[in-house]
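**Q** Sharing a structure here in structure tokens format.
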Amino acid sequence: MTSTSTATGPELLDERSLGGILVHFLGLLTGFLGPGVVYVAANNEYTRENARHALNWHVTVFALTIVAFVTFFLGADELTVGGEATELSLLPAPLDTVFMITGVLLVLLLFVAVLLTLVYTIVATVKAIFGSVWTYPGSVDIVGRFR
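Taken in order, the sequence shown gives residues 0 to 146; the numbers are from numbering that gives the first Met the number 0.
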């Protein structure tokens, strides 16, 4: 959805809503909750499309967070409480090592995703200001599947 009009001032806001521009920063502050509320409540198609893309990205990062930490903690074989090591492993010896290594890699990927969230927020906001809807690279179109 790209606007090619030469409208200025109030006419421009008929095509591009302020909500469609600010929804990306709202997602940065609230995760998937803010864009989700905007997506459900918005009447403007431009706002809904921007909210959908922000929502897809933040849901993808949230899912990565859950998977990374569950995998990481399933692979943890001991926990230190009060200076004493306690056996924690729920998995057999070779499998807990695989889960631990996979969990560490997923947590590193999560760190990259958090940094990309900052970059993507800026890029998506600038694109929205200039009238185009930007799809966050790497996000899964979850909302599009349920429309």
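For glycine and all other residues, C-beta sits at the position ideal for the given N, C-alpha and C.
Applying the criterion that 16 or more other CB atoms from any shown protein chain within 10 Å of the CB defines a buried residue, is residue 48 buried or exposed?
**A** Per the 10 Å Cβ criterion, buried.
**Q** Relative to the C-alpha of residue 110, which candidate in 126, 91, 17, 61 has its C-alpha closest?
**A** Selected option, being the one with the closest Cα: 61.
**Q** So what's residue 84 in DSSP terms, helix, strand or just coil?
**A** Three-state result, residue 84: strand.
**Q** Determine, using beta-carbon pairs with one atom in the segment 19-36 and one in the segment 91-103, whether at least three such pairs fall under 8 Å.
**A** Short answer: they don't touch.
**Q** Residue 53 and residue 26: beta carbons closer than 9 Å?
**A** Contact flag set, yes.
**Q** Kindly examine the ligand MN and report whether one of its heavy atoms sits closer than 8 Å to the Cβ of residue 59.
**A** Among the components of this structure there are no ligands whatsoever, and the ligand MN is therefore not found.
**Q** If the criterion is Cβ atoms closer than 9 Å, does the pair residue 137 and residue 112 meet it?
**A** Cβ atoms of residue 137 and residue 112: closer than 9 Å.
**Q** Which residues in the same chain as residue 46 place their Cβ atom closer than 6 Å to its Cβ, once the five residues preceding and following it in sequence are excluded?
**A** Closer than 6 Å at Cβ, skipping near neighbours: 16, 18, 19.
**Q** Would you decide whether residue 55 is buried or exposed? Buried here means 16 or more other CB atoms lie within 10 Å of its CB.
**A** Burial call: buried.
**Q** Once you ignore the five residues that flank residue 8 on each side, which residues in its own chain have a CB closer than 6 Å to its CB?
**A** With a pLDDT of 48 at residue 8, under the threshold of 50, the modelled position of that residue is not reliable, and the figure given next carries that caveat. Cβ within range, chain order: n/a, list empty.
**Q** Going by DSSP, what residue range makes up the alpha helix (DSSP H) through residue 91?
**A** First-last for residue 91: undefined, no H or E at that position.
**Q** Leaving out five residues on either side along the sequence, give the residues of the same chain with a beta carbon under 7 Å from the beta carbon of residue 31.
**A** Only 54, 57, 58, 61 meet the Cβ criterion.
**Q** Could you check if residue 63 is buried or exposed, using at least 16 other CB atoms within 10 Å of its CB as the buried criterion?
**A** Burial call: buried.
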